[in-house]
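Asker: Numbering (numbering that gives the first Met the number 0), first residue to last: 0 to 432. C-beta: ideal position from N, C-alpha, C; glycine also. To start, I am sharing the structure in question, which I have written as structure tokens.
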Amino acid sequence: MSAENSPEAKRKVIVLGNNLSVVQDLGGEGVRCVVLNHHRAIATYSRYATYAQCPDPSTMEDRAIDFLYDLCQKEGDLPVVLPVTDQWSMAVARHASRLREVSIPCTAEWEAVELMLHKDRFSQWARERGIKTPRTWTQEEVLRLPPEEYPVVVKPRLHRWSGNGDPQHLHADMIRLRNTIIADRWELERFLKKESRLMEHMFFQEYVRGGSDRIYNIGMYIDRSHQVLASLAGHKVRGCMTNHGDTNLGENVTAPASIKDMAERMVRELGYVGVVEFEFKKDARNDEFVLIEVNPHLWAWCGMGLPCGMNFPLIAYQDLAGTLDPASIVPFQGKVRFARIVFDLLNCIVYSRMGADTPKRSLREWVGDMKADRFVCREFHRNDWLVSVLLLDEAFRALVKRALAAVRRMVQRPFQRVDAKCPESPSSQSGND
């Protein structure tokens with residue numbers, strides 16, 4: 000039975016942040032969505048969404064929670080609240096008891112969410128429980144590393160968070176420096192000198208070898224009795240960059256036993272409830288799975304769940320509303336692929352030939368990569384064409400920007416030293432959550 004004809008149909012979902020798949024997967028089942036964000040983003044243009052501009056929880060947490068509380072009170076019927084970003088997850092978990100007066104928030108306990116969002120602390124917590132994680136070093140320790148330990152990664156202790164005020168503009172700096180790769184001691188010393196004021200907010204981590212095609216994810220929904228109701232494993236075939244970045248092409252896989260065991264053990268020991276995604280990388284040196292990321296909210300590729308028989312946003316919504324029929328969760332046994340098809344095409348066919356650090360494929364190879372029993376295209380939804388037009392416009396603008404940058408480089412090249420050994424700043428491994 001679709002949500003449109005079910006008893007909970009009048010109960011709305013308030014989506015906190017920008018995740019187009021969440022809105023479309025709920026809206027396609029007749030669930031009405033209100034999207035809260037501090038600026039217009041792609042999900043707010045969906046035909047299934049009503050947009051409400053709100054304060055940014057990154058810098059105005061109290062005002063954002065007040066806004067959310069008032070909206071829930073106005074809507075009535077205890078709307079389900081689904082955070083889809085780190086900052087909203089932190090804010091909702093911290094204020095969950097107050098929000099439960101007027102809504103049904105999808106959140107774990109504050110202690111679990113806060114631990115997961117502190118990258119260095121969670122890495123240590125997992126390692127103490129036998130979960131393989133990258134080694135970490137202090138600034139003093141990393142300066143003593145032998146050459147063979149390079150490259151290393153610099154990470155923010157908190158990538159995105161909620162709070163009141165940002166006097167040092169830390170949010171922008173943490174995003175700018177997210178997953179910065181340090182190739183050698185020379186780059187390390189330059190980095191420490193340039194970013195010295197930020198070092199108390201950063202930590203150094205072992206770089207797990209291999210490209211983005213060695214990344215595996217497992218997404219889960221755990222109900223309030225701590226039962227795993229839905230679990231889906233994915234493989235990142237291609238990221239937006241060769242070695243990192245958001246998923247441009249992903250596929251479902253049978254969960255490797257080791258990562259399934261680790262994920263279930265972590266949620267059990269945390270007493271976790273709600274949605275969560277764990278990201279593992281298969282180390283090219285020894286083929287061991289290493290935990291590299293965790294997201295205590297609905298994740299970027301959760302749209303692959305629907306054709307796999309596990310509509311995660313709908314499962315969370317119905318479970319929290321008390322109307323879920325577990326028999327409705329029927330996993331699909333075939334091959335499913337999920338793609339940001341326009342951006343992946345540009346990366347593989349155009350940008351890779353312009354010198355960008357993106358995967359390179361021929362057109363024939365790229366078309367072959369799209370074959371699957373079921374295929375999900377993020378940019379094109381049969382009932383949401385305004386979103387498609389806007390995403391195509393975004394891709395076109397990005398293409399023009401890259402082309403102009405390439406022309407500028409060609410014009411400037413005769414005036415540059417051709418023997419320059421190192422760039423001005425270390426390479427960055429940035430991407431969106």
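1. Assign C53 to one of three DSSP states: helix, strand, or coil.
2. By Cβ distance below 8 Å, which residues in the same chain neighbour Q428 in space, the five residues on each side in sequence not counted?
3. Output the distance between the C-alpha atoms of M395 and S230, rounded to the nearest integer angstrom.
4. Assign Q72 to buried or exposed, taking buried as 16 or more other Cβ atoms, counted over all protein chains shown, within 10 Å of its Cβ.
5. Taking 8 Å as the cut-off, decide whether the C-beta atoms of V293 and M173 are in contact.
6. Is the separation between the beta-carbon of Y44 and that of V252 shorter than 8 Å?
7. Opposite Q204 in the DSSP bridges: which residues?
8. Kindly indicate which three-state DSSP category L305 falls into: helix, strand or coil?
9. Given this structure, state the Cα-to-Cα distance separating E194 from R175, to the nearest angstrom.
10. Using the Cα positions of A256 and K11, report the straight-line distance between them to the nearest angstrom.
11. Less than 6 Å between C-beta atoms, sequence neighbours within five positions excluded: which residues of the same chain meet that for K235?
12. Roughly how many angstroms lie between the CA atoms of M0 and R31, to the nearest whole one?
13. Distance, Cα to Cα, V21 vs L398?
14. According to DSSP, simplified to helix, strand and coil, what is H168?
15. Cα-Cα, which of V289, K280 and G273 is closest to A111?
16. How would you label A48, buried or exposed, when you count the other beta carbons within 10 angstroms and need 16 or more for buried?
17. Helix or strand or just coil, what does DSSP make of N17?
18. Answer with buried or exposed for N17, where buried requires no fewer than 16 other C-beta atoms within 10 angstroms of its C-beta.
19. Tell me, to the nearest whole angstrom, how far the beta carbon of I41 is from that of L19; I am working on the premise that it is less than 8 Å.
20. Taking the C-alpha atoms as reference points, what is the distance between V417 and Y149?
21. Measuring straight from C-alpha to C-alpha, what distance separates Y271 and V101?
22. Whole angstroms is fine: what's the gap from M353's alpha carbon to A405's?
23. Is the distance from the Cβ of A63 to the Cβ of D69 below 8 Å?
24. T106: buried (16+ other C-beta within 10 angstroms of its C-beta) or exposed?
25. Just the Cα atoms here: how many angstroms apart are R363 and K131?
26. Since P306 and V335 are thought to touch, with beta carbons under 8 Å apart, how far apart are those beta carbons, to the nearest angstrom?
27. Specify whether the stretch 281-289 and the stretch 317-328 touch according to this definition: at least 3 beta carbon pairs, one from each stretch, less than 8 Å apart.
28. Should R377 and G308 be called a contact, given that it needs their Cβ atoms to be closer than 8 Å?
29. Taking DSSP as the reference, what is the three-state secondary structure of M369?
30. Opposite Y350 in the DSSP bridges: which residues?
31. By the three-class DSSP mapping on this structure, what secondary structure does L248 have?
32. Start and end of the alpha helix (DSSP H) containing I440?
33. Between the C-alpha atoms of P295 and R134, what's the straight-line distance to the nearest angstrom?
34. Taking the straight line between their C-alpha atoms, what separation do you get for I13 and M59?
35. Run through DSSP, which three-state label would C376 get?
Answerer: Based on what the coordinates show:
1. coil
2. Note on Q428: pLDDT 35, under 50, position unreliable in the model; no value is reported.
3. First, the amino acid is wrong: residue 395 is Phe here, not Met. So the alpha carbons of these two residues sit roughly 36 Å apart.
4. exposed
5. no
6. No. Outside cutoff.
7. Note: Q204 is bridge-paired with T135 and V152 in the DSSP secondary-structure output.
8. coil
9. 11 Å
10. 37 Å
11. S211, I214, T246 and G249
12. Bear in mind that a pLDDT of 44 at M0, under 50, signals an unreliable position, so the model cannot answer this.
13. The straight-line gap from Cα to Cα measures roughly 27 Å.
14. coil
15. G273
16. buried
17. coil
18. buried
19. Indeed, because the Cβ distance is near 5 Å, the residues count as touching under 8 Å.
20. Any answer about V417 is weak, because its pLDDT of 43 lies below 50 and its placement is not dependable; what the coordinates show is given next. Using only the alpha carbons, I get a separation of about 26 Å.
21. 22 Å
22. 7 Å
23. no
24. buried
25. 38 Å
26. 5 Å
27. No: the two stretches stay apart, fewer than three of their Cβ pairs being nearer than 8 Å.
28. Contact: no.
29. In the three-state DSSP reduction, M369 falls in the coil class, being neither helix nor strand.
30. BP columns for Y350 are empty, so no partner.
31. In the structure shown, L248 falls within a strand segment according to DSSP collapsed to helix, strand and coil.
32. Given a span of 0 to 432 for the chain in the structure shown, any question on residue 440 remains unanswerable.
33. Across the structure, P295 and R134 are spaced so that their CA atoms are roughly 22 Å apart.
34. 19 Å
35. Residue state, collapsed to three classes: strand.
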